[in-house]
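Take a look at the structure set out below.
Residue numbers (the numbering used here): -19 to 207.
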């Protein structure tokens, strides 16, 4: 029996790296999906994973990437949807394209990625889909007109998935990141910024939660954060 497979969509030097390192340490075959492999290929070499180029605004690119993963690693056991960038600004400042792109990345990309993994999860009656959310999904501010609306849509979609797929044995959860994210080396920021490895710890906990006590929404913030 091969290793379980974890796909991480959205790779960078903070959360994406921490998620990849944690799941590799836990014995997963890790697939890293990002628009470019300039960064992810080096990370994949470090952890023994594989990097795939995938623009989540392109549904055909998502299909192709997941087909490659299935061929090379096997069916997906865990999907971590960490893609979530967006344009900040008031509604006067952001363009129609900014709104559309935010929706494509945060909402449609999650929908398409979930479609690619849910079939095999249903067959097994198990699996986990964890989404990296943001406080903006709960409250919009003047400068988050495009970002907040996209993250709110993502949160609602994740909740719809959780309600539908939970009874089938598939755990869908949302981690709301409330605060600035530092690096694990920034010890001077203790309490002021979230450490990526600590967020990864929460994500792994959600993946391994017993079915009798599943969480859907968990918010994480540094203890000095004003909320």
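We treat Cβ as the ideally placed atom computed from N, Cα and C, and that holds for glycine.
In DSSP terms, what residue 69 is bridged to: 124
Bounding residues of the beta strand (DSSP E) (the contiguous stretch that carries residue 114): 107 to 114 is the extent of the beta strand (DSSP E) around residue 114.
6 angstroms Cβ shell around residue 15 - same chain, five flanking residues per side excluded: These residues qualify, in order along the chain: 35.
7 angstroms Cβ shell around residue 115 - same chain, five flanking residues per side excluded: 156, 158
Three-way DSSP call (helix, strand, coil) for residue 59 in this model: strand
Chain D within 7 angstroms of residue 192, Cβ atoms only: Absence of chain D from the displayed structure is noted, only one protein chain being present.
Residue 93 versus 127, 77, 137, 120, residue with shortest Cα-Cα distance: 137
Straight-line gap, residue 204 to residue 18 (C-alpha atoms, nearest Å): 35 angstroms
Runs of alpha helix (DSSP H) wholly within the region -11 to 59 (minimum 4 residues, chain order): -5 to 5, 17 to 27, 39 to 52
Through-space distance from residue 72 to residue 101, alpha-carbon basis: 43 angstroms
Pairwise C-alpha distance: residue 113 and residue 69: If you draw a straight line from the Cα of residue 69 to the Cα of residue 113, it comes to about 19 angstroms.
Boundaries of the beta strand (DSSP E) in which residue 197 is found, first to last residue: 197 to 200
Buried versus exposed call for residue 40 [16 or more other C-beta atoms within 10 Å across all chains shown]: Exposed.
Bridge partners - residue 150, DSSP secondary structure assignment: 107
Sequence-distant residues of its chain with Cβ nearer than 8 angstroms to residue 173 (five each side left out): 159, 160, 161, 162, 166, 202
Residue 65 to residue -17 span [Cα, whole Å]: 30 angstroms
8 angstroms contact criterion, which residue 134 and residue 186 should meet: CB distance rounded: Contact flag wrong, Cβ pair sits at about 16 angstroms.
Nearest to residue 59 (by Cα), restricted to the options 107, 99, 80: 107
Beta-carbon contacts of residue 30 that lie in its chain and below 6 angstroms, excluding the five residues immediately before and after: 11, 24
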